[in-house]
Amino acid sequence: MAEHFLTKCQIELSQCLEIGGGLALESHGALTQALRERVSPEAAALFAEPLLSRGNDSAPASVAWYTDHPGEGRPLRALDEADRVRAEAALSERLRGIRAHLGDPEDGPLFGAALHLANHPDGDIWVVDGQPVILNWGMLPPGMARDPDTRGAHVAATLGRFLPLAGAPPLSAAEALARRGDAAPAGAEAAPPVSGAGPAGAVIAPDPVAPEPARRVWPGPIAWVPLLVLLLIAGGALAWLLMPGTRIFPARAPDPAIDRAEAAAAVAEINASLEQRLARLQAALDGAQCRPDGTLTMPDGRTIEGLLPPEPGNPADAPGSRAAADPRPILPPDPARVQVPSDGASAMDLTSLLELIEARTVMVVRYMADADTQPGQQVRAERGSGFFVGPDLVVTNNHVVEGAPEDRIFVTNRGLGQQYPVTVIKTAGPFGSTGRDFALLRVHGVNAPHFTLLKPDHSLKLQSVIAAGYPDDLLGDWRGGTDPVPDLAVTDGTVNAEQVLTQGTPAIVHSAPISQGNSGGPLVDMCGRVVGVNTFVRQGALRNLNFALSSDDLLAFLESAALTPATVTRPCQPQLLRPMVTPATPDTPEDAGAAAPSTGVPNFNLRSSPSE
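Just so you know, we're using our numbering here: the sequence shown kicks off at 711 and counts up by one.
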């Protein structure tokens, strides 16, 4: 069934032409199939699909017309001249192929019936998105006689403008066979009527003239030379392909990042962690309770973000106060409310995790000239991510800067405000041959805050993490140069697995979504420590595996460059601001005095994502 409605017309059933014991309108499927097979798909799409309602004592019969062409339909006569001319040309072209089949005793009557139009006041030919569509087909105007002469004159006045015919289209096998005997050779255009002697206004059709048989001209010997040459070339190619060893193709290069066995092991470990998380979520769903003050608590007595409920009357538990949270909550907390120490600050001088990440994560830009780039043309800007591990030192992936001239590599973020040049101090890679993918850059002219690295002596499984970077999906057509510095994109998730990859490389598999452009960006825990460097994504049929190289491996790389970054080993104990409370609005003035702030709804102050 066609999907796009055009219009609805009231009809009289006596207008409908009958074919094979039924109405032609009810043979739309057979009509379009025959046209598609014998003429063209475009010719089949000309005829709108009818939905016939035969009516009853209180409602007249009607036809709703549908088409496969999307868009708004308009009558042909309502178009401006240019659009109308184009639509009429397309209509003539698509109808032309039907003429040769009108003499077919099987399909000719159905084709002929479809060429009769009801001459509806709203128009029988519409145009949808530039495509002509025929409505009210298979019918005659009310009360019109059905003899061939009357029908022939009617068709000539309607579709005859676009498909000239000698006589009325057939409505039966007998008429089709008679037409075949009288018709001109297939493909011949109907000759226009000519004026001649006779009664005033009479029109005399010209006598048919038998076409002169075409003489067959046999090609000379020289005409066979190109074919002989092609046969020789094809034979030589076939002989070469049949020679032993010719079609031995080189083995497919293995995935440089992770092989199938490692991917399968990662999937198995992820499935186990997901099953564990599913069981925890199910337990939380079954045992969650809503306290009288509106706080939703899990079976362990904590909120969904891992906080213990506030103690009534305790100023230390007031909205906006800081409290310790579970490092493995049901859902990761809002990073804007997670509190972490600032650089060189005391335990009482804190900042939000989101602000800490934004100040320390950078976009790494390299400007690459293509082979056909002309002098003076803008070069291509390729992007990756990185992060500060010292006041002027940035870590990224080796593949982010590999192959770029050093004077064309820059770093920036909104805090820096501009692009700064770098010097590549040390690299390790490529991953496929070394198991490492790191680059250490010195940024000239900056003194930036930097991350602390985690040197874990414990498992990170199911801990909440944040991936930060500048993915291409969100940057759109950012071209570098003077374009404004884009906003940092952050995604949250949990650690699914800790795995050892090729050549003993430790890696973290996590659920925080990353994509191209995130390479080299930090994977951060809820205490603001870097636990990994986002490096690659392994795409699968059902899920993507997000891989970050472990901070353990990063520390070994930095130590090989004689750099000793700030590190910690203790497990993360997140500090989270309690949500602010919005007082409930009383339903009546009498309830105003009874409304208490503690009955309000928590306001989590969620930060809008960069894509919003």
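Where a beta carbon is used, it is the ideal one built from N, C-alpha and C, also for glycine.
Should residue i go down as buried or exposed, given a rule of 16 or more other Cβ atoms within 10 Å for buried?
{"i": "residue 775", "result": "buried"}
{"i": "residue 951", "result": "exposed"}
{"i": "residue 1000", "result": "exposed"}
{"i": "residue 1169", "result": "exposed"}
{"i": "residue 682", "result": "The requested residue 682 is not part of the displayed model; the chain covers only 711 to 1322."}
{"i": "residue 816", "result": "exposed"}
{"i": "residue 1154", "result": "exposed"}
{"i": "residue 1239", "result": "buried"}
{"i": "residue 1105", "result": "buried"}
{"i": "residue 1095", "result": "buried"}
{"i": "residue 938", "result": "exposed"}
{"i": "residue 1143", "result": "exposed"}
{"i": "residue 1279", "result": "exposed"}
{"i": "residue 1111", "result": "buried"}
{"i": "residue 992", "result": "exposed"}
{"i": "residue 1254", "result": "exposed"}
{"i": "residue 754", "result": "buried"}
{"i": "residue 711", "result": "exposed"}
{"i": "residue 932", "result": "exposed"}
{"i": "residue 656", "result": "In this structure the chain extends from 711 to 1322, so residue 656 is not present and cannot be described."}
{"i": "residue 1008", "result": "buried"}
{"i": "residue 1179", "result": "buried"}
{"i": "residue 1121", "result": "buried"}
{"i": "residue 1198", "result": "buried"}
What would DSSP say about residue i, mapped onto helix, strand or coil?
{"i": "residue 657", "result": "No answer is possible for residue 657: the residues shown for the chain start at 711 and end at 1322."}
{"i": "residue 917", "result": "Its pLDDT being 42, under 50, residue 917 is placed unreliably in this model, and the value from its coordinates should be taken loosely. Coil at residue 917, not helix or strand."}
{"i": "residue 830", "result": "coil"}
{"i": "residue 799", "result": "helix"}
{"i": "residue 766", "result": "coil"}
{"i": "residue 1174", "result": "strand"}
{"i": "residue 1220", "result": "strand"}
{"i": "residue 1254", "result": "strand"}
{"i": "residue 1188", "result": "coil"}
{"i": "residue 1202", "result": "strand"}
{"i": "residue 1067", "result": "helix"}
{"i": "residue 759", "result": "strand"}
{"i": "residue 1210", "result": "strand"}
{"i": "residue 872", "result": "coil"}
{"i": "residue 1037", "result": "coil"}
{"i": "residue 838", "result": "strand"}
{"i": "residue 1091", "result": "strand"}
{"i": "residue 731", "result": "coil"}
{"i": "residue 846", "result": "coil"}
{"i": "residue 881", "result": "coil"}
{"i": "residue 1215", "result": "coil"}
{"i": "residue 785", "result": "strand"}
{"i": "residue 1045", "result": "coil"}
{"i": "residue 856", "result": "coil"}
{"i": "residue 931", "result": "helix"}
{"i": "residue 1195", "result": "coil"}
{"i": "residue 1244", "result": "strand"}
{"i": "residue 746", "result": "helix"}
{"i": "residue 812", "result": "coil"}
{"i": "residue 1167", "result": "coil"}
{"i": "residue 954", "result": "coil"}
Could you give the C-beta distance for residue i and residue j, rounded to a whole number, given that I count them as a contact under 8 Å?
{"i": "residue 824", "j": "residue 757", "result": "6 Å"}
{"i": "residue 1183", "j": "residue 1225", "result": "5 Å"}
{"i": "residue 1201", "j": "residue 1222", "result": "5 Å"}
{"i": "residue 1033", "j": "residue 1018", "result": "7 Å"}
{"i": "residue 1099", "j": "residue 1268", "result": "7 Å"}
{"i": "residue 1241", "j": "residue 1234", "result": "7 Å"}
{"i": "residue 1284", "j": "residue 1029", "result": "That belief does not hold up - the Cβ atoms of residue 1284 and residue 1029 are roughly 18 Å apart, past 8 Å."}
{"i": "residue 848", "j": "residue 942", "result": "Going by Cβ atoms, the distance from residue 848 to residue 942 rounds to 57 Å, so no, they are not a contact pair."}
{"i": "residue 1045", "j": "residue 1176", "result": "6 Å"}
Does the ligand MG have even one heavy atom less than 7 Å from the beta-carbon of residue i?
{"i": "residue 1126", "result": "Here there are no bound small molecules, and the ligand MG is not part of this structure."}
So, does the stretch 877 to 889 touch the stretch 850 to 865, judging by three or more C-beta pairs under 8 Å? yes
Any contact between the stretch 1217 to 1227 and the stretch 1254 to 1274? By contact I mean 3 or more CB pairs, one from each, below 8 Å. yes
Tell me whether the stretch 714 to 734 and the stretch 762 to 773 touch, counting them as touching only if at least three CB pairs, one residue from each stretch, are closer than 8 Å. yes
Counting only runs of 3+ residues fully inside the stretch 1103 to 1159, write out the beta strand (DSSP E) ranges in chain order. 1103 to 1106, 1119 to 1122, 1130 to 1138, 1148 to 1153
Pairing CB atoms from the stretch 1151 to 1167 with CB atoms from the stretch 1262 to 1276, are three or more of them under 8 Å? yes
Tell me whether the stretch 839 to 856 and the stretch 790 to 801 touch, counting them as touching only if at least three CB pairs, one residue from each stretch, are closer than 8 Å. yes
Inspect the CB distances between the stretch 1203 to 1216 and the stretch 1061 to 1077 and report whether three or more fall short of 8 Å. no
Report the residue ranges of all alpha helix (DSSP H) runs contained in full by the stretch 985 to 1031; include only those spanning at least 4 residues, in chain order. none
Check whether the stretch 799 to 818 and the stretch 735 to 755 touch, using three or more Cβ-Cβ pairs below 8 Å as the test. yes
Evaluate the contact criterion for the stretch 974 to 987 versus the stretch 1170 to 1179: three or more CB pairs, one atom per stretch, below 8 Å. yes
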